[in-house]
Amino acid sequence: MNRITTITTALALGLAFTATARAQGDDLEEVLVHDRARGELSEGTGAPTQEALMRAIGNGSPERLIATLEYGEHVECHACVPLVERNLLGSDDAEVRRISAWWLRHRVFAIAQIFHRMEDVLASDADPVRRARAARAIGEFMLPAGLGALQAAYGDESAEVREAVVLGLARLNHSGANVTVAAALADADAAVRRAAIEVINQLNFFRDTDALVGALADDDAEVRTRAAYLVGQFRADGAEVALAGLLRSDESVNVRQAAAIALGRLGTSAAREALVDARDRGDDSLVLDAIDVALRF
Amino acid sequence: MKRLGAMGLALALLAGCSDDGSGGGGGGALGNVEAMLFVKRAFLRDDGTENVTGGNGQTIDYLRYEPGGGLFVLSPPTPRGRLTNLTEEFEGVDVNGVDLSFDGTQAVFSMRRAGDAHYHIYLTNVDGSTTPRQLTFGMHHDVKPIFVPGDRIAFVTNQPFTEMGTRADEYNHSRVVTQIATISIAGGDADRRLCSQNLSHSADPFLLSTGEIGYSRWEHLGPVNDVKLFRMNSDCTNMQGLAGSGGKPANSLVQMHEIELGRLVGVATSRRGTIQAGAIVEIDVRAEGGLGDIVFDEQNARFTRLTPQVPLGEEAPPSGVGRYRRPFPLEDGRFLVSWSDGDVNERNELAETAPNFGVYRFDPVTRERELIYDDPDFWDVYAIPVRARDTPPVRGGTIGPIAEDDYTPAVLGSIDITQTSLPERVSGAQFDGTPLGEALEQATKVRIIEGFSSEIGPVREFGLTLHEGAAIVGEARVYDDGSWEAAVPARIPFHLQPLDRYGLAIRNQMTWIQGMPGESRRCGGCHEDRTEQILPPTGGTIAQQAGAEDFNVAIPDRRELPWAGAVSGESIQDVLDRNCVGCHDGGANDPFAGRTYQVMATTDEGEELEFNVPYLLLTDEPIEVFFEMDVVSYPASYVSLLYPSAMMGEVTATGDMPPEWVNPGSARRSRLIEVLNVNAEDDANAWAWETPAHPENVPEFEGSVSREDRLRLVEMADLGGQYWSRRNVEGADQWEERTYD
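Here the protein sequences come in this chain order: F and X. 1 is the number of the first residue of the first sequence in this note's numbering; add one for each residue after it. 298 is the number of the first residue of the second sequence in this note's numbering; add one for each residue after it.
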């Protein structure tokens, strides 16, 4: 309902005023919570026509396509489906691929076939780029049936595909995915391990703190940083020694910051001793900032 | 694209221009203000291409990282002023929010730097005498900080609420929804307090002279999808609307500042596609009737467009009009703004011609702009005059430690639910255009509905509906004086539905409300007139005297309405199987047997497929296409009942089209419920519709449908006709032993 009843131009200043009126008598309106033709009811969010959808798919900028597909969430444009599906593997814009998968998963009469096509690509396409994109699409479809396809694809020889599988599993957020993500924390490729540590907070019921403590020794500084923060967040047992070691001697400022914050969250006497020791020893100002905060937890 | 040098262009534009491109003049500095704090944001990549919309497609986004910018002081604030870079010692800087302390000596800002994948909060002296101090850390983004009274800082964060993440509406595709949080200046993250959850972003906090925090909130609830203004105390209590709920000139109200008590200025624009820029709008939220210095009236907020030529949507403005960002009120009635000429919409993205935001002083009377600073190689934004300002009061008791743990409930309630200022009528069942206030006199309960979304696990949204996941935490009794009270889980989003004696919602509240642990959120009525005093009687309302009903229950004890395939508990299909499928099974006794409509689909190979959708078939058999493909599917009953109301736009279906059986969000207007009918809780012979109840009206039918089963279908429609629930998610039983809220 829009209660702006007038928009007039004030001649003196040329200002446009809007006015509202109090509820009484004939001003009362029926309030709808559903309008099939319009879709969403807020200003500027009306469902696009099929023609507008086709135009955005064919000629629009990525931003236009994203907005049009979003407001066209339930618009039945069957002619659009194959065009949007092509984005899943063909677009070089990750946002376009993502919104395309999102829109397609609302297509009651098409999603099953598209899902199976993506399954086939993930399992057997020769191009790792296409396999990786198929994995992300399957994740975005959010069908429980996607779990098996993604888990099987974690054995792919391409790190790019394995990374996409991890990200797809995180989007799927199936409790059965946690084992695979935990395994990915020890993947041979750093990009896969980074993806795995990045998505931990998106996975329901992930509790493998041993895997997180193990990741504190990762070769990759970004993995160590995230692992330290997660160890603190999960209050993992027995991590003080490893964290203290990182705080004392890791080459990365970010890792030392994360180790300090994690020790602060653990809050044990050993953790506090490590923090005081590091503070007294001196460090980069950013690390000292973290220690200062950590000692206040 | 070749660019003029910063100073060259600045001098060229010094003469100023106006909103309508007619040009104008003006002086130079900001009166007696000696310096200006602002941010340079990079948009040129190393390879020379331009980052136009990356990470800021929506007005409330915050993930646009293009390194190379910084936090600067310009002194004096003129095109020839001296620049001081307060973030010079960091590499790869992007700053996306800044505020000035009350005494004008310190800046708090959100920065992402090289080596850190996240934005965090930093504090520094404006005179550059200190190294910036980092206050927040971690694997989440903390952005757009403001100083709040009590030596605290409020900001926006996408920090997950629990190990299971944050609730995120279905348009938060990547689950990066933001909430407000606060820290103390001294303790930083060690004194971090997270405000209640919403399903969509909270953004752009700003301080009110009352000491409250105002903010923009993206609201997605069913068909509502916009950005309104809210406010709350600095301890996150008393979250309530500030402007926009009673209508507004554009989808999104963002980037607000207070001019004076109850008068705001900010940007009105589309929810996405305008590169976070739009028209400048002044909003007067002061209640009429002489209470303006005490009471805000969000329902009757008054809007004034200060830049009437600037589009309120995504369309391109006339030449020379451009779009604005973040107006900051000056003492002389003018505003410090960022402005860019051109389309400032997605066409810039298409042509890879980024807008060029510079800092201007804008006069709302003459609509002239006077250039303060413009470096054409950067977006110059978030300008603030460096001067001291009054410190608002600390709202009583708001800064103390939160004494209760997160399991302590919040209390919701009304003094008299019949009190309303909403200009609405109600139709359906016993109502026929009945004024809401009159209809509310028939309220017997208030249904409290928790909202959640696909963060729960693998569900592809919640079915053929715009509505989010929903669970009923309880239905509170409305006493004779119109009062009700309920203790509910804290921090999580709810919306309310007053119910009549038949269990039908009289109204569906289309905004989320929340309460902090231990907080009492007692309204006067059902959106009562803000200018009237609704006071409980001495000794309290009946509901207060009776005590709040206890709905502070764990997730497994909240009533959810899975359609089918639930891991535990009863489903809607069970209700249909028990009562309806005996006839509506497509068999010989089914009055609708054989009636179908056709939906066409085109395959990737260009093949035209035709699907038959039953007119009304209430069995659980999968629609054929899904069954053959062996993918989780909707049963015939769901497609049959919900697809007619889900087909948006120009439907390609042909054949025997059924009515919209279910009106998502309104059982009262749902044909299915009308046909079934439902009887009253207090009188089994009193029916909501005068037409006879079904299926008892069918001579061949033996037996009866229980009121409880009818209510399940009523609830299904009132909640939005969702298919999925948490009960559908494998592992949902673990919610019994895990904290989720």
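Each residue gets a CB set at the ideal place from its N, CA and C atoms; glycine is no exception. Small disclaimer: the values here were computed from a predicted structure and weren't measured.
Less than 8 Å between CB atoms is the rule here; does residue i satisfy it with respect to chain X?
i               : result
I261 of chain F : yes
N87 of chain F  : no
T209 of chain F : no
Q151 of chain F : no
L286 of chain F : yes
R296 of chain F : yes
V129 of chain F : no
T45 of chain F  : yes
S91 of chain F  : no
G69 of chain F  : Sequence inspection shows Leu at residue 69 of chain F; the Gly mentioned does not correspond to that position. Not one chain X Cβ lies under 8 Å of L69 of chain F.
L172 of chain F : yes
E30 of chain F  : yes
I291 of chain F : no
G264 of chain F : yes
V108 of chain F : yes
Roughly how many angstroms lie between the CA atoms of residue i and residue j, to the nearest whole one?
i                : j               : result
G351 of chain X  : D640 of chain X : 17 Å
T20 of chain F   : H437 of chain X : Low confidence applies to T20 of chain F: its pLDDT is 38, below 50, so where it sits in the model is not reliable enough to give any reading.
E140 of chain F  : H174 of chain F : 12 Å
Y359 of chain X  : A500 of chain X : 9 Å
D284 of chain F  : R430 of chain X : 11 Å
Q113 of chain F  : L172 of chain F : 18 Å
Q24 of chain F   : P615 of chain X : Bear in mind that a pLDDT of 46 at Q24 of chain F, under 50, signals an unreliable position, so the number given afterwards is only what the model happens to contain. The straight-line gap from Cα to Cα measures roughly 40 Å.
R1024 of chain X : S865 of chain X : 6 Å
With distances taken between CB atoms, is the gap from residue i to residue j smaller than 8 Å?
i               : j               : result
N642 of chain X : E611 of chain X : yes
T534 of chain X : T356 of chain X : no
S711 of chain X : W781 of chain X : yes
A547 of chain X : E63 of chain F  : no
L263 of chain F : A244 of chain F : yes
V551 of chain X : S506 of chain X : no
M333 of chain X : L327 of chain X : yes
D660 of chain X : P814 of chain X : no
R623 of chain X : Y679 of chain X : yes
Take residue i as the anchor and find which of the options has the nearest alpha-carbon.
i               : options                            : result
R620 of chain X : X:T601, X:N597 and X:I572          : X:I572
A767 of chain X : X:H498, X:E846, X:G1018 and X:G725 : X:G1018
L588 of chain X : X:D826, X:R664 and X:S513          : X:D826
V878 of chain X : X:V405, X:T663 and X:L915          : X:L915
E721 of chain X : X:S750, X:A680, X:I745 and X:N805  : X:N805
F335 of chain X : X:E386, X:D396, X:F600 and X:T762  : X:D396
G543 of chain X : X:N530, X:L526 and X:H554          : X:L526
G586 of chain X : X:N597, X:E579 and X:I577          : X:N597
V785 of chain X : X:L733, X:Q842, X:V850 and X:E829  : X:V850
DSSP three-state call for residue i: helix, strand or coil?
i                : result
W102 of chain F  : helix
Y154 of chain F  : coil
E941 of chain X  : Residue identity check: residue 941 of chain X is Pro in the sequence provided, not Glu. Three-state result, P941 of chain X: helix.
L203 of chain F  : coil
T180 of chain F  : helix
R233 of chain F  : The sequence shown places Gln at residue 233 of chain F, rather than the Arg named in the question. Three-state DSSP puts Q233 of chain F in a helix.
H116 of chain F  : helix
L1056 of chain X : Outside the displayed range of chain X (298 to 1038) lies residue 1056 of chain X, so it cannot be described from this structure.
G655 of chain X  : strand
R568 of chain X  : coil
R97 of chain F   : helix
R819 of chain X  : strand
I831 of chain X  : coil
Q842 of chain X  : helix
G879 of chain X  : coil
Cβ of residue i less than 8 Å from any chain F Cβ?
i                : result
L360 of chain X  : no
P859 of chain X  : no
Y1020 of chain X : no
Q431 of chain X  : yes
M408 of chain X  : no
G485 of chain X  : yes
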